[in-house]
Amino acid sequence: MAQLQWSENLVLGMPQVDQTHQEFVALLATVASATEAQLRTLYLELLAHTKVHFGMEDQWMQATEFASFHCHSMQHTMVLDVMQQALDRYDEGDLEVLRVVAHELGLWFEHHADAMDAALVGHLQKIGFDATTGRINNPEALARASKAACGEPDHACASA
0 MAQLQWSENL VLGMPQVDQT HQEFVALLAT VASATEAQLR TLYLELLAHT
50 KVHFGMEDQW MQATEFASFH CHSMQHTMVL DVMQQALDRY DEGDLEVLRV
100 VAHELGLWFE HHADAMDAAL VGHLQKIGFD ATTGRINNPE ALARASKAAC
150 GEPDHACASA
């Protein structure tokens, strides 16, 4: 199975996001190439990193009233659920599931970053969001941001 590699195609232009994404891709690779003795430990590192990664994005989306917050966050929740279920299956004796999930995460991530994360970064840049301070430097742009149907919790979300 070919594993996702970091490339310029994954760069979104926001240093905090790009660094976190690069770390995620590197952790996927460590799981894919892990020995049996290392596998569970490295997968736990990937899972912990992913929780922090998604939590950071969820916090930014909520703080900046990102229109697609509910859809984007729902994907994060579903991925974390799948990752936990894979760990549970591994602990029950399915010794291949962690590598399979890491591979599938790579396929999913390319599309997620290109669609969902790129939209978030565009939103954050438009409103002048400073990820270090949490300050919105262009609040006028935030006030003009339109609410998309996907931003409402009762609407169905497109998958990406």
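Note that numbering that gives the first Met the number 0 has the sequence shown beginning at 0, numbered continuously upward. Don't be surprised by glycine CBs; every beta carbon is placed ideally from N, CA and C. All figures in this text were calculated on a predicted structure; none of them were measured in a lab.
Identify every residue that forms a DSSP beta bridge with residue i.
i, result
"R134", "D129"
In angstroms, rounded to a whole number, what distance separates the CA positions of residue i and residue j?
i, j, result
"H69", "F108", "18 Å"
"V16", "H52", "9 Å"
"R88", "V96", "7 Å"
"H111", "A118", "10 Å"
"R98", "G121", "32 Å"
"L104", "F65", "24 Å"
"M73", "G54", "12 Å"
DSSP on residue i, reduced to helix/strand/coil?
i, result
"D17", "helix"
"A62", "helix"
"D87", "helix"
"V10", "coil"
"A33", "coil"
"W162", "Outside the displayed range of the chain (0 to 159) lies residue 162, so it cannot be described from this structure."
"D170", "The question about residue 170 has no answer here: the residues shown for the chain are numbered 0 through 159."
Could you round the C-beta distance between residue i and residue j to whole angstroms and report it? I think they count as a contact, below 8 Å.
i, j, result
"L41", "T29", "5 Å"
"L3", "L27", "6 Å"
"L38", "M82", "L38 to M82, Cβ: 14 Å. No contact."
"H102", "A36", "That belief does not hold up - the Cβ atoms of H102 and A36 are roughly 20 Å apart, past 8 Å."
"M115", "H71", "5 Å"
Checklist entry - Given 8 Å as the limit, is there contact between the stretch 74-81 and the stretch 129-144, that is, 3 or more CB pairs closer than that? => result no
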